[in-house]
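Each residue of the sequence shown is one higher than the last, beginning at 64 in this note's numbering. Here is the structure we will look at.
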Amino acid sequence: MKLFLILIFTITLPFGVVFAHCPLCTAGAGIGALLAKQIGMKPSVIGIWIGSFSVALGIWIFNILRVSTLANFVKIFLILVSFLSIVLPLKTYFYEIGSFYLYLFGDYGSLFNRTYVYDKFLASSILGGVVILTSPLISKIITKLRKGKTFAFQGIILTFLILVLFSIFFQFL
Numbered sequence: 064m065k066l067f068l069i070l071i072f073t074i075t076l077p078f079g080v081v082f083a084h085c086p087l088c089t090a091g092a093g094i095g096a097l098l099a100k101q102i103g104m105k106p107s108v109i110g111i112w113i114g115s116f117s118v119a120l121g122i123w124i125f126n127i128l129r130v131s132t133l134a135n136f137v138k139i140f141l142i143l144v145s146f147l148s149i150v151l152p153l154k155t156y157f158y159e160i161g162s163f164y165l166y167l168f169g170d171y172g173s174l175f176n177r178t179y180v181y182d183k184f185l186a187s188s189i190l191g192g193v194v195i196l197t198s199p200l201i202s203k204i205i206t207k208l209r210k211g212k213t214f215a216f217q218g219i220i221l222t223f224l225i226l227v228l229f230s231i232f233f234q235f236l
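Shown next as structure tokens:
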């Protein structure tokens, strides 16, 4: 374990400061996923934290690389690669199926009158990724409403508050 920590420290030492809350979000989301697994939360709750971890990791890698050409394409690519390479292998381990009944019109079995089955882990992982992507926008809106004033660690607190609220909702759903 000591060798692993020394290796991580020496790998990240040459990089400059990353101007975002993503390193904290990445570490916190990873720890949140581990804690959720340890205390026996549902796979859909673990999916929220793993999805947020994977997207935050993709953003963090993009910020470390500081790519200037085709920046938006590279950022989206890194986020997708990070998400797919973390979530898809874990999908078989945290397998949970959910269903919902859509009843709008038509006979049963038609497109708008059918029972749909979905993978709860994958859906909640996507939700966790969306939370990580939208929480900076929500933080900017709150700052604008407060006339430019922020409180300490506003971004990280807001992100984890949203993740915890979704986790509580999915745990009791």
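In this text, a Cβ means the ideal position worked out from N, Cα and C, and glycines have one as well.
**Report entry** Helix, strand or coil at Val130 according to DSSP, with G and I counted as helix
**Finding:** As a working mapping, residue 130 is identified with position 67 in the sequence shown. Residue state, collapsed to three classes: coil.
**Report entry** In chain order, each beta strand (DSSP E) run of at least 3 residues that lies wholly inside the stretch 114-188
**Finding:** Runs found: 160-166, 176-182.
Requested in this report: Give me the Cα-Cα distance between Asp170 and Phe163, rounded to the nearest whole angstrom.
Outcome: Counting from one through the sequence shown, the residue named residue 170 turns up at place 107. Counting from one through the sequence shown, the residue named residue 163 turns up at place 100. Here the C-alpha atom of Asp170 lies approximately 17 Å from the C-alpha atom of Phe163.
Query - Beta-carbon proximity list for Thr206, same chain, < 8 Å, skipping 5 on both sides - result: Along the sequence shown, read from residue 1 onward, the residue named residue 206 stands at position 143. If we look at Thr206 and ignore the five residues flanking it on each side, its Cβ neighbours are Lys212, Thr213, Gln217.
Requested in this report: In the DSSP assignment, find the alpha helix (DSSP H) that holds Ile102 and state where it starts and stops.
Outcome: Within the sequence shown, residue 102 is the residue found at index 39, counting from 1. Premise fails: Ile102 is in no alpha helix (DSSP H) and is neither H nor E.
**Report entry** Boundaries of the alpha helix (DSSP H) in which Gly218 is found, first to last residue
**Finding:** Looking up residue 218 in the sequence shown gives position 155. Element bounds for Gly218: 217-234.
Requested in this report: Count the CB pairs spanning the stretch 139-157 and the stretch 109-129 that are closer than 8 Å, and state whether there are at least three.
Outcome: Remark: three or more beta-carbon pairs, one from each stretch, lie closer than 8 Å, so the stretch 139-157 and the stretch 109-129 are flagged as touching.
Query raised in the report: Is Ala90 near Gly191, with beta carbons less than 9 Å apart?
Result: Numbered from its first residue, the sequence shown carries residue 90 at position 27. Numbered from its first residue, the sequence shown carries residue 191 at position 128. No, Cβ-Cβ distance for Ala90 and Gly191 is not below 9 Å.
Query raised in the report: Which word fits Ser173, buried or exposed, when buried means at least 16 other C-beta atoms lie within 10 angstroms of its C-beta?
Result: Mapped onto the sequence shown, residue 173 falls at position 110. Result: exposed.
Query - Beta-carbon proximity list for Phe223, same chain, < 7 Å, skipping 5 on both sides - result: Mapped onto the sequence shown, residue 223 falls at position 160. Cβ within range, chain order: Gly91.
Report task. Return yes when the Cβ of Phe184 is within less than 9 Å of the Cβ of Leu221, no when it is not. Result -> Here residue 221 refers to the residue found at position 158 when the sequence shown is read from its first residue. Here residue 184 refers to the residue found at position 121 when the sequence shown is read from its first residue. No, the Cβ-Cβ distance between Leu221 and Phe184 is not below 9 Å.
Report task. Determine the closest residue to Leu120 out of Phe140, Leu133, Met104, with distance taken between C-alpha atoms. Result -> Within the sequence shown, residue 120 is the residue found at index 57, counting from 1. Closest by alpha carbon: Phe140.
Query raised in the report: Which residue from Val130, Phe168, Ser131, Ser187 puts its Cα closest to that of Phe157?
Result: Here residue 157 refers to the residue found at position 94 when the sequence shown is read from its first residue. Of the residues Val130, Phe168, Ser131, Ser187, the one whose Cα lies closest to the Cα of Phe157 is Ser187.
Report task. On a CA-only basis, which of Pro106, Phe233, Phe229, Leu98 is nearest Ile150? Give me that one, please. Result -> Looking up residue 150 in the sequence shown gives position 87. What sits at residue 150 in the sequence shown is Val, not Ile. Of the candidates Pro106, Phe233, Phe229, Leu98, the one whose C-alpha sits nearest the C-alpha of Val150 is Pro106.
Requested in this report: Could you have a look at Lys212 and say whether DSSP puts it in helix, strand or coil?
Outcome: Reading the sequence shown from its first residue, position 149 is the one you call residue 212. DSSP places Lys212 outside both helix and strand once states are collapsed to three, so it counts as coil.
Query - Sequence-distant residues of its chain with Cβ nearer than 7 Å to Ile109 (five each side left out) - result: Residue numbering aside, residue 109 sits at position 46 when the sequence shown is read from its first letter. Correct list, in chain order: Ala96, Ala99, Lys100, Phe157.
**Report entry** Span separating the alpha-carbon of Ile201 from that of Val194
**Finding:** What you label residue 201 is simply residue 138 of the sequence shown in a count that begins at 1. What you label residue 194 is simply residue 131 of the sequence shown in a count that begins at 1. The alpha-carbon atoms of Ile201 and Val194 are separated by roughly 10 Å.
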